[in-house]
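So the structure is just underneath, and the comments pick up after that.
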Amino acid sequence: MANVGLQFQASAGDADPQSRPLLLLGQLHHLHRVPWSHVRGKLQPRVTEELWQAALSTLNPNPTDSCPLYLNYATVAALPSRVSRHNSPSAAHFVTRLVRTCLPPGTHRCILMVCERSDAFASACALARAFPLFTHRSGASRRTEKKTVTVEFFLVGQDNGPVEVSTLQCLASATEGVRLAARIVDTPCNEMNTDTFLEEIKKVGKDLGITPTIIRDEELKTRGFGGIYGVGKAALHPPALAVLSHTPEGATQTIAWVGKGIVYDTGGLSIKGKTTMPGMKRDCGGAAAVLGAFRAAIKQGFRDSLHAVFCLAENSVGPNATRPDDIHVLYSGKTVEINNTDAEGRLVLADGVSYACKDLGADIILDMATLTGAQGIATGKYHAAVLTNSAEWEAACVKAGRRCGDLVHPLVYCPELHFSEFTSAVADMKNSVADRDNSPSSCAGLFIASHIGFDWPGVWVHLDIAAPVHTGERATGFGVALLLALFGRASEDPLLNLVSPLGCEADVQEGHVERDSKRRRLV
Numbered sequence: 165m166a167n168v169g170l171q172f173q174a175s176a177g178d179a180d181p182q183s184r185p186l187l188l189l190g191q192l193h194h195l196h197r198v199p200w201s202h203v204r205g206k207l208q209p210r211v212t213e214e215l216w217q218a219a220l221s222t223l224n225p226n227p228t229d230s231c232p233l234y235l236n237y238a239t240v241a242a243l244p245s246r247v248s249r250h251n252s253p254s255a256a257h258f259v260t261r262l263v264r265t266c267l268p269p270g271t272h273r274c275i276l277m278v279c280e281r282s283d284a285f286a287s288a289c290a291l292a293r294a295f296p297l298f299t300h301r302s303g304a305s306r307r308t309e310k311k312t313v314t315v316e317f318f319l320v321g322q323d324n325g326p327v328e329v330s331t332l333q334c335l336a337s338a339t340e341g342v343r344l345a346a347r348i349v350d351t352p353c354n355e356m357n358t359d360t361f362l363e364e365i366k367k368v369g370k371d372l373g374i375t376p377t378i379i380r381d382e383e384l385k386t387r388g389f390g391g392i393y394g395v396g397k398a399a400l401h402p403p404a405l406a407v408l409s410h411t412p413e414g415a416t417q418t419i420a421w422v423g424k425g426i427v428y429d430t431g432g433l434s435i436k437g438k439t440t441m442p443g444m445k446r447d448c449g450g451a452a453a454v455l456g457a458f459r460a461a462i463k464q465g466f467r468d469s470l471h472a473v474f475c476l477a478e479n480s481v482g483p484n485a486t487r488p489d490d491i492h493v494l495y496s497g498k499t500v501e502i503n504n505t506d507a508e509g510r511l512v513l514a515d516g517v518s519y520a521c522k523d524l525g526a527d528i529i530l531d532m533a534t535l536t537g538a539q540g541i542a543t544g545k546y547h548a549a550v551l552t553n554s555a556e557w558e559a560a561c562v563k564a565g566r567r568c569g570d571l572v573h574p575l576v577y578c579p580e581l582h583f584s585e586f587t588s589a590v591a592d593m594k595n596s597v598a599d600r601d602n603s604p605s606s607c608a609g610l611f612i613a614s615h616i617g618f619d620w621p622g623v624w625v626h627l628d629i630a631a632p633v634h635t636g637e638r639a640t641g642f643g644v645a646l647l648l649a650l651f652g653r654a655s656e657d658p659l660l661n662l663v664s665p666l667g668c669e670a671d672v673q674e675g676h677v678e679r680d681s682k683r684r685r686l687v
């Protein structure tokens, strides 16, 4: 899958499935609405209309089903006919599974995705997850032939017109972002260290005409970034804070996306065990998602000021490593007593959000992180956890998740009851909770918020993506689609406008987002 190129086309054209294998995918009632005249050229001479209709009549999705149409060259697969209220109407997770299991092999293949226009974005991002870019299998390096998968959408429902060029470009940008994020997360730390991650940031910056701001190593210490410096100072490759900034004329507000970029997490001196350390290359999933989403957002036209803040460090062990009992002064000016060096993500993010507030003047700060193992217990393997000071944004995150396929569910936001978990006798706070049974994922997020202040008048959103950032041993690129959908109203792209829950009806018509005091209004 690593050498597969994805192409989105309004029409994939006709071809014998023996020369170009085909997967037809959609909900069963949608598949029944595809006229034979549309699929005939993609199936003949191997499949007749009678065989096509017979295959549809045999499908009985529970939750999914598939039927071969011609040997292993052509297959039709049905998604769940209905989903629950906490799932995406696109059934995005099942899209990825069916593509992985049902897409016939071949060098040049085709997917005909049948869905409503409102589900096209989520479906495309789900398709992208089935084609990871990273591999070091020796056989892959010997195969030089580039494989391609051409994706055509057949839209059904009320808005079932042809797919516009702008929509295809949006789908291409979004899926490139998803695959970029997944590649970074899949790459091990002996390659994807902080130096390499900075090169990835520079590449995106060059592509967009943006020069990143980079603060690293001893300069972090000198400028007061005690969180990032303290976490990464023991590693061979020094820690860094990097920022990509998009500041267009006419911007009405400033948004900051802050990503946790722990390229490897040993736990530090509070070291992880042999069963919990493998997989910690994925602890940079938040920063990877921010990078992929920022690239796509700017390519599709973003009207507001947008800053992508990357908090990069390797939580390593060595003579210079932070010790439990050490006290660090963070960029907020607050002091933190370290009682667990394995609670490092909140330390780097605290510096990141404080920088976004103090130096970037952000009105809206969203941090994204693989923060706590407890997230997977609180909201499960498929739903990220959201913690925010705004009820409107909490609802928006859930809606955006359902519309884009990156599912989200709320955590308890109650700092007056939970923040006392960090009480320290000698500093402003500790970095880890006293009681691990008292909503630890909420508490971890509150630690970050405390460094901009619980009375800060802007919007703060925390997204813990620890579990959904991977499926098994593969990264998912989770978070890219969510950020694009959540902030779609600030985009010039019609498809991102469609999937975004933010703004009011007047804003939708005018194509921009209005602010209601210090909170965004919802549709």
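Residue numbering for the sequence shown follows our numbering, beginning at 165 and increasing consecutively.
Even for Gly, the Cβ is constructed at its ideal location relative to N, Cα and C.
| To the nearest whole angstrom, what separates the beta carbons of residue 532 and residue 445, a pair I think is in contact under 8 Å? | The sequence position of residue 532 within the sequence shown is 368, counting from 1. The sequence position of residue 445 within the sequence shown is 281, counting from 1. Contact between residue 532 and residue 445 is absent: CB atoms are separated by about 17 Å, not below the 8 Å threshold.
| field | Range covered by the beta strand (DSSP E) that runs through residue 492 | value | In the sequence shown, residue 492 corresponds to position 328, counting from 1. Note, residue 492: beta strand (DSSP E), 491-493.
| task | Figure out for me which residue from 420, 273 and 464 has the closest Cα to the Cα of residue 454. | result | Translated into the one-based positions of the sequence shown, residue 454 becomes position 290. The shortest C-alpha separation from residue 454 is found at 420.
| request: Could you name the residues of the same chain whose beta carbon sits closer than 6 Å to that of residue 463, not counting the 5 residues immediately before and after it, in chain order? | output: Locating residue 463 in the sequence shown gives position 299, counting from the first residue. Taken in chain order, the residues that qualify are 337.
| field | residue 266 (DSSP reduced to helix, strand or coil) | value | By one-based count along the sequence shown, residue 266 stands at place 102. If DSSP states are grouped into helix, strand and coil, residue 266 belongs with the helices.
| query | From the DSSP output, which residues share a beta bridge with residue 428? | reply | Taking the first residue of the sequence shown as 1, we reach residue 428 at position 264. Per DSSP, 478.
| task | Enumerate in chain order the residues of its own chain whose CB-to-CB distance from residue 228 is below 8 Å, with the five nearest sequence positions on each side excluded. | result | Counting from one through the sequence shown, the residue named residue 228 turns up at place 64. 241, 242, 243, 244, 258, 261 and 262.
| message | Does residue 173 pass the burial test, meaning 16 or more other C-beta atoms within 10 Å, or should it be called exposed? | response | Position 9 of the sequence shown, counting from 1, holds the residue named residue 173. That one is exposed.
| query | From what residue to what residue does the beta strand (DSSP E) around residue 225 run? | reply | Along the sequence shown, read from residue 1 onward, the residue named residue 225 stands at position 61. Note, residue 225: premise wrong, no beta strand (DSSP E); not H, not E.
| request: In angstroms with no decimal places, state the Cα-to-Cα distance between residue 440 and residue 223. | output: Reading the sequence shown from its first residue, position 276 is the one you call residue 440. Reading the sequence shown from its first residue, position 59 is the one you call residue 223. Roughly 41 Å separates the two Cα atoms.
| query | With which residues is residue 616 paired in a DSSP beta bridge? | reply | The residue you call residue 616 lines up with position 452 of the sequence shown. Paired residue(s): none; residue 616 is not in a bridge.
| Residue-level contact to chain D via CB, residue 186, 8 Å cutoff | This model lacks chain D altogether, as it is built from one protein chain only.
| query | Cβ of residue 242 versus every heavy atom of the ligand MG: is any distance shorter than 7 Å? | reply | For the ligand MG, the structure offers nothing, since it holds no ligand at all.
| Beta-carbon proximity of residue 573 to residue 549, cut-off 8 Å | For the purposes of this step, residue 573 is identified with residue 409 of the sequence shown, where counting begins at 1. For the purposes of this step, residue 549 is identified with residue 385 of the sequence shown, where counting begins at 1. Cβ atoms of residue 573 and residue 549: closer than 8 Å.
| When the Cα atoms are used, what is the spatial distance from residue 199 to residue 189? | If you number the sequence shown from 1, residue 199 lands on position 35. If you number the sequence shown from 1, residue 189 lands on position 25. So the two alpha carbons sit approximately 14 Å from each other.
| query | How many angstroms separate the CA atom of residue 496 from the CA atom of residue 490? | reply | Counting from one through the sequence shown, the residue named residue 496 turns up at place 332. Counting from one through the sequence shown, the residue named residue 490 turns up at place 326. Straight-line Cα distance between these residues: approximately 17 Å.
| Nearest to residue 220 (by Cα), restricted to the options 207, 192 and 621 | Working through the sequence shown from its first residue, we reach residue 220 at position 56. Of the listed residues, the one whose Cα sits closest to residue 220 is 192.
| field | C-beta contact flag for residue 465 and residue 655 at 8 Å | value | Position 301 of the sequence shown holds residue 465. Position 491 of the sequence shown holds residue 655. Taking 8 Å as the Cβ cut-off, residue 465 and residue 655 qualify as a contacting pair.
| alpha helix (DSSP H) containing residue 272: first to last residue? | By one-based count along the sequence shown, residue 272 stands at place 108. Careful: residue 272 lies outside any alpha helix (DSSP H), inside the beta strand (DSSP E) at 272-280.
| task | Determine the burial state of residue 600: buried for a count of at least 16 other Cβ atoms within 10 Å of its Cβ, exposed for fewer. | result | Stepping through the sequence shown from its first residue, residue 600 is reached at position 436. Exposed: under 16 other Cβ atoms inside 10 Å.
| request: Starting from residue 171, follow the beta strand (DSSP E) in both directions and report where the run begins and ends. | output: In the sequence shown, counting from the first residue as 1, residue 171 sits at position 7. 168-173 is the span of the beta strand (DSSP E), which, as asked, contains residue 171.
| request: Entirely within the segment 354-379 and at least 4 residues each: give me those alpha helix (DSSP H) ranges in chain order. | output: 358-372
| message | Does residue 522 pass the burial test, meaning 16 or more other C-beta atoms within 10 Å, or should it be called exposed? | response | As a first step, residue 522 must be located in the sequence shown, where it is residue number 358. It counts as exposed.
| said: Threshold first: 3 residues or longer. Then list the beta strand (DSSP E) segments lying entirely within the segment 495-551, N to C. | reply: 499-501 and 528-533
| field | CB of residue 422 within 8 Å of CB of residue 513, strictly | value | Your numbering for residue 422 matches position 258 in the sequence shown. Your numbering for residue 513 matches position 349 in the sequence shown. Going by C-beta atoms, residue 422 is nearer than 8 Å to residue 513.
| Three-state secondary structure (DSSP) of residue 423 | Here residue 423 corresponds to residue number 259 of the sequence shown, with the count starting at 1. Residue 423: strand per DSSP, three-state reduction.
| task | Look at the Cβ atom of residue 361, then the Cβ atom of residue 321, and state whether they are nearer than 8 Å. | result | Here the question's residue 361 lines up with position 197 in the sequence shown. Here the question's residue 321 lines up with position 157 in the sequence shown. It is not a contact, given that the beta carbons lie outside the stated cut-off.
| query | Going by the CB atoms, is the gap between residue 374 and residue 409 shorter than 8 Å? | reply | Here residue 409 is taken as the residue at index 245 of the sequence shown, counted from 1. Here residue 374 is taken as the residue at index 210 of the sequence shown, counted from 1. Yes, the Cβ-Cβ distance between residue 409 and residue 374 is below 8 Å.
| request: Answer with buried or exposed for residue 682, where buried requires no fewer than 16 other C-beta atoms within 10 angstroms of its C-beta. | output: In the sequence shown, counting from the first residue as 1, residue 682 sits at position 518. Confidence is the limiting factor: at residue 682 the pLDDT is only 43, short of 50, which leaves the residue's position unreliable, though a coordinate-based value still follows. Exposed: under 16 other Cβ atoms inside 10 Å.
| field | Whole-angstrom distance between residue 468 and residue 653, CA atom to CA atom | value | Taking the sequence shown and counting its residues from 1, the one referred to as residue 653 is at position 489. Taking the sequence shown and counting its residues from 1, the one referred to as residue 468 is at position 304. For residue 653 and residue 468, the distance between alpha carbons rounds to 10 Å.
| Counting Cβ pairs, one atom from each stretch, are 3 or more of them under 8 Å apart for the segment 426-439 and the segment 327-342? | no
| residue 611 (DSSP reduced to helix, strand or coil) | Walking along the sequence shown from the start, residue 611 turns up at place 447. Residue 611 falls in the helix class under three-state DSSP.
| Run of the alpha helix (DSSP H) containing residue 556, from where it starts to where it stops | Translated into the one-based positions of the sequence shown, residue 556 becomes position 392. Counting along the chain, residue 556 sits inside the alpha helix (DSSP H) bounded by residues 555-568.
| Is residue 483 closer than 8 Å to residue 504 when the C-beta atoms are compared? | Sequence index remark: in the sequence shown, residue 504 carries index 340 (1-based). Sequence index remark: in the sequence shown, residue 483 carries index 319 (1-based). Taking C-beta atoms as the reference points, residue 504 and residue 483 fail to come closer than 8 Å.
| With 16 other CB atoms within 10 Å as the buried threshold, where does residue 527 fall? | The residue labelled residue 527 in the question sits at position 363 within the sequence shown. It is buried - the Cβ of residue 527 has at least 16 other Cβ atoms within 10 Å.
| residue 460 - containing beta strand (DSSP E), residue span | On the sequence shown, position 296 is the one that residue 460 refers to. Run containing residue 460: none in the beta strand (DSSP E); it sits in the alpha helix (DSSP H), 449-463.
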